[in-house]
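Structure first, commentary second.
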Amino acid sequence: MMRRPISLSIAVIAALMGFAARAQSPALPTPKVEEVMVKVALLTLNDANLTGNYNVLYAKMARSFRERYSSDTLKQAFRTFAGHHIDAIAGMPIVATEDPAINDNSVLLLRGHFDTTPSRLSYELDYAVSEGEWKLITIDVKVRSIQTEASATDLIARAAADLAGGNAKK
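Structure below.
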């Protein structure tokens, strides 16, 4: 008679532990949250490019990024964008080119573009859970001429944390 309550208790505890583990797993963002995440990242990048101050963008990066890189690293990575305005995206909807996905490393991948003219702004943003929320670990932004996309000169800026290793803070 005592065995049944113990077995039942173990089953209940195991079920609760499974529920707790699922509750801690990061969820995919809703389309509205995805749009907010993309715009916050890109508008923060825009402000950094216009002011030359990358401290706010740096503060919004995941801890793993901040431990490997400095705000000066971001400034160097985005030097080709310095002075360029990408704030026109604020009032535009994102065009997701892929559904949000979480890869095997628990990294959230957001891919898409904005229908800007005469050039198209496309982005690849990667997020990791850091300090209890999704935070950026990679920003890859391209601005290409729509008419000559195949041969256009890209303004490419990339700041990535190599999760398997990486450069020391400079």
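In our numbering, the protein residues as written are -16 to 153.
For glycine and all other residues, C-beta sits at the position ideal for the given N, C-alpha and C.
From the DSSP output, in three-state form, read off residue i for me.
i	result
I69	coil
A159	What is shown of the chain runs -16 to 153, which leaves residue 159 out entirely.
T56	helix
G35	coil
K43	coil
A4	Bear in mind that a pLDDT of 39 at A4, under 50, signals an unreliable position, so the number given afterwards is only what the model happens to contain. Three-state DSSP puts A4 in a helix.
Mark residue i as exposed unless 16 or more other C-beta atoms lie within 10 angstroms of its C-beta, in which case mark it buried.
i	result
T80	exposed
E114	exposed
N86	exposed
L11	exposed
K15	exposed
D109	buried
A111	buried
H68	exposed
S105	buried
G95	buried
A45	buried
R127	buried
A84	exposed
If I follow the unbroken alpha helix (DSSP H) through residue i, where does it start and stop?
i	result
F48	R46 to R51
At which residues does the beta strand (DSSP E) containing residue i begin and terminate?
i	result
Y106	S102 to S113
May I ask you to list the residues that DSSP assigns as paired with residue i?
i	result
E17	None, per the DSSP bridge assignment.
E116	S113
R62	Its beta-bridge partners do not exist; DSSP assigns none.
I85	L91
I79	One point to set straight first is that residue 79 is Ala, not Ile, in the sequence displayed. Answer is G95.
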